[in-house]
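From first to last, the protein sequence lines stand for chains A and B. Take 1 as the starting number for the first sequence in the UniProt record's numbering and just add one per residue. Take 1 as the starting number for the second sequence in the UniProt record's numbering and just add one per residue.
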Amino acid sequence: MTARSARRIRGTAAATLATALALTAAACSNPGGAGSGGAAARDGVVVGIAQEPETLSPLLGYGKDGNSKLFDGLLATDGATGLKPALATALPRVGPDGLTYTYTLRPGVTFSDGTPLTAKDVVFTYRTILDPRTNNPSRTELDALKDVRASGDRTVIFTLKYPYAPFAQRTVLGIAPEHIAGKQDVNTGPFTTRPVGSGPYVLAGWSKGEKITFKANPRYWGGEPEVKKLTMAIVKDDDVRATRLRAGDLDGAILPPDLAKGFAHDPSRRTVEAATHDYRAVTLPTHNKVAGDTAVRRALDLAVDRQAMVDKILGGAGKPAHGPVPTDSTWFAKGTERRHDLDAARKILDGAGWKPGADGIRVKDGVRAEFPLWYPSGDKLRQDHALAYASDAKKAGIAVKVQAGTWEVIEPRMEHDAVLAGGGSPADPDFDQYPLLKSTLAGDGFNNMAWYTDPAVDRALEDGRRTADPAKRKASYDTVQRRLAQNPAYTFLTYVDHVYVLNDDWNGPSTLTEPHDHGLGFGPWWNVEDWTPKK
Amino acid sequence: MTRRLPWGAMARMTGRRALFAAPVLLLVTFGVFAVAAASPFDPVKAYTGAAGLTASQENLDQLRANLGADQPFTTRWWHWLTSAVTGDLGDSTVMRRPVADVIAERIGWSSLLAVTAFALAILLGTALGVLAARRRGGLFDRCATAAAYTLEAAPAFWLGLLAIWLFALKLGVLPPGGLTDTGGDTVTAGQVARHLVLPAAVLGVSQLPWFFLYVRQGVADALDEDHVRGARARGLRERTVLGRHALRSGMLPMLTLVGSRVPELITGALLVETVFSWPGIAAATVQAAVSVDFPLLAALTVLATAAVLLGNLLSDLLYGLADPRVGFDG
């Protein structure tokens, strides 16, 4: 321990002890006090979130989907899948071969410390993320990027290894200041928890495990936000979060649907259900003798009652999932919906030689139609999905044995056992489908957990990412979804809406189509910098 | 009643304990590294969080090498130990910051909570214990004892939720969690004091039954002893009898209890800090453990072990002082 920090420890301890002894009594005698603070202040918003980010540094992956309040990307998310210029003056100019992307920077943008943001900061940010010594777990997302260089102060040119149509979507990640972040250890330096950016808010404080506070950035190029103070209280427990919302300590919070129901009739609050690409699906590993059989996979696709899962498990806050694209997306391939049809499922199994045994479970060539299904322990939502899936499968004569375990237990078994998986990103179909289905990624970390191999799908996935023509891309992803209907690698079950409750004090809250990840930057406060007070 | 304290004997005992503490701490840290390495948790998975679920194997392998998670735990332990003796506690992977900073930022808040709660438990426990012992079998004694047994069985976690429900939700008189008002971004003494009341009270009350029951028993036994009965018979005032005679010998068992409650206090603080979002060291311990964050976990374990050893030393010193027949070991 350094002398400096030792002194700080003693200092903090002494100071806190002194205040404790002096003030506990005073506090006890004045319990009325100011009540629960914060919520009453008209220029601030306090929201409760369940998950705390590990870091606020964009170099380590924070805000990579453009959902940071502290940083701006070259581009920004605009509603569900659109992009709009942010630090760049316009969408990028793409070279004719699809291999170069050129951005021109907005003039006059400064970091919150007053230093101008230039092309050199953009180059620094991307090169640092690509550096293997940087502990950024999302580096794979920039796999297509070969190099990035500056041309003058305001032009940045990206060169790709292969044509990658959704690349512009990746340039929403926040730009870090080289003059600060470049002078310290990128993995553990102060910048990881006390960052300086160019976004609409600056960090006012971060008490880990308790809250993160932001205040409006008066230098923001988009104008200073009217919500002057934004506080993210970290409350992991759902019940405690609901309690603190009710007590007036929070202005808004993410809640499970059943707890959100308790606020339904409160006129001062509104409940917001954000549609998502957050799916729950069962992986059907190709290496499993039962789950790898195409007849079994197709039968399961028909045997599950998706609508019942939406109604009973999600309390209506969600929709049935027929594939990796929700039915209301422009990328959805019409005609790939699967109706719940138990008789058809039974017919497929009969036809493929899976005959019911004495106990009702089917058997073929001495193999019993059973396989294990794992879910991460503690995840109630996945547990409910897994149990419902097993019960539906049983009606068709397939025994699914539901088991709970941590990811450490589950991961080595994924090659042969089924898992209740979740995921989804609305930004581009490539982001989900390529890692989910590409045969060369089978068993690569958590990519292609089903070990799915289908040459037609592989080809369509490559075509989809290499062409920029929207019609051709649509055709490619239609092919993927149709193939998946004939040989399902996964049984997609539901898309889970994220439910938020918030005070009705502001104009402006809206929702994005949200990805699987949620927390800090999503929810009705994703655009908090644009809110205006209700008169 | 002034009496010269046996400084020499006390110093010798403290010295012996300190010598003994070094190998204990060494063993404990080695044990922490061994157990953490054997645990099913994967540091890389903990580091990446949700991002790890979409990362490529190459990315994950690189991270494993960067974090040093591919080395055997003995190597990591030795590396940690040799750095630690030079004053470098390493970097916490889960907090993305140097371990010294993490501890410096949090230990004050944990100490504040624990000391307040402990003081509350001891003072209130002693006072109630003496009251109950004076009229054993009386109405107050029966109620207090029943309540103490009930509390003994009640988990601090549950007490915390109950307190939030009652004081924050139903009565709305105290804040339900955090160190300061959720909407504020400055730490003022007044806010901290108000936010401290519930967690400290819950933690204190969860510790109170042990002190109460010990004091009640000790004082009651002492009141039955010959010299106390003699003192009473001589017509000494009740206060003198209680204060001089009964309380002094009745407090003896409680002094050892003070030290032995330290581990319980630490685990209790862990749950209370979690319920009340108190930004103390206990919450960091849980995170360090499930994330296999070796440097942070080792430093925190050393701290906790040191606290327990100190607690034991303190109670033995007090016991030795209170009852000279016991003396200071050795």
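Ideal Cβ positions, reconstructed from N, Cα and C, are used throughout, including at glycine.
Contact between the segment 39-50 of chain B and the segment 281-294 of chain B is present: 3 or more CB-CB pairs across the two stretches fall below 8 angstroms. For residue 222(A), the closest C-alpha among the options 428(A), 111(A) and 185(A) is that of 111(A).
DSSP, read as helix, strand or coil, puts residue 78(A) in strand. Taking 8 angstroms as the threshold, the shortest C-beta distance from residue 139(A) to chain B falls below it. Taking the beta carbon of residue 208(A) as reference, the chain B residues within 7 angstroms of it are 95 and 279, listed in sequence order. Comparing alpha-carbon positions, the option among 141(A), 131(A) and 264(A) lying closest to residue 182(A) turns out to be 131(A). No Cβ of chain B is located within less than 8 angstroms of the beta carbon of residue 88(A). Apart from sequence neighbours up to five positions away, the residues of its chain that approach residue 281(B) with a beta-carbon distance below 6 angstroms are 106, 107 and 110, ordered along the chain.
Taking a Cβ-Cβ cut-off of 8 angstroms, residue 63(A) has no neighbours in chain B, whose nearest Cβ is about 12 angstroms from it. A direct Cα-Cα distance of roughly 19 angstroms separates residue 350(A) from residue 391(A). With respect to residue 507(A), residue 525(A) sits apart: the two C-beta atoms are not nearer than 8 angstroms. At a cut-off of 8 angstroms, the C-beta of residue 47(B) has a neighbouring C-beta in chain A.
Residue burial annotation: residue 57(A) is buried, with at least 16 other C-beta atoms found within 10 angstroms of its C-beta. Close to residue 247(A), with beta-carbon spacing below 8 angstroms, are these residues of chain B in chain order: 168, 169, 172 and 176. One finds nothing in chain B with a Cβ atom closer than 8 angstroms to the Cβ of residue 50(A); even the nearest lies about 12 angstroms away. Spanning the alpha carbons of residue 261(B) and residue 318(B) requires a straight line of approximately 15 angstroms. Runs of the alpha helix (DSSP H) spanning 4 or more residues and lying entirely within the segment 352-430 of chain A occur at 380-395 and 407-410, in chain order. Per DSSP, residue 245(A) is one residue of the alpha helix (DSSP H) stretching across 238-246.
Close partners of residue 40(B) in chain A (Cβ separation under 8 angstroms): 406, 408 and 409. For the segment 199-244 of chain A, the continuous beta strand (DSSP E) assignments of 3+ residues that do not extend past its boundaries occur at 201-207, 211-216 and 229-234, in sequence order. In this chain, the alpha helix (DSSP H) harbouring residue 199(B) covers 189-224. For residue 270(B), the uninterrupted alpha helix (DSSP H) run begins and ends at 262-275, by DSSP. With respect to chain B, the C-beta atom of residue 462(A) has no partner C-beta closer than 8 angstroms.
Within the segment 194-224 of chain A, those residues whose Cβ lies closer than 8 angstroms to any Cβ of chain B are, in chain order, 204, 205, 207, 208, 209, 210, 211, 213 and 215. Fully enclosed beta strand (DSSP E) runs of no fewer than 3 residues occupy 75-78, 82-85 and 100-104 of the segment 57-139 of chain A, in order along the chain. Comparing alpha carbon positions, the residue from 511(A), 360(A), 364(A) and 408(A) closest to residue 376(A) is 408(A). The residue from 178(A), 444(A), 516(A) and 439(A) with its alpha-carbon nearest to that of residue 119(A) is 178(A). Between residue 91(B) and chain A, the shortest Cβ-Cβ separation is below 8 angstroms. In the displayed model, residue 452(A) falls within coil according to three-state DSSP, outside both helix and strand. Look at residue 313(A) here: in three-state DSSP terms it is coil, with no helix or strand label.
Check the Cα spacing between residue 247(A) and each of 174(B), 316(B) and 219(B): the tightest is with 174(B). Nearest CB-CB separation between residue 208(B) and chain A: not below the 8 angstroms threshold. Secondary structure note for residue 272(A): it is in no alpha helix (DSSP H), and the uninterrupted beta strand (DSSP E) holding it is 269-274. Listed along the chain, the chain B residues whose CB falls inside 8 angstroms of the CB of residue 446(A) are 52, 53, 54 and 55. Within the segment 168-187 of chain A, the residues whose Cβ lies closer than 9 angstroms to any Cβ of chain B are, in chain order, 185 and 187.
At a Cβ-Cβ threshold of 8 angstroms, residue 209(A) and residue 92(B) do not count as neighbours.
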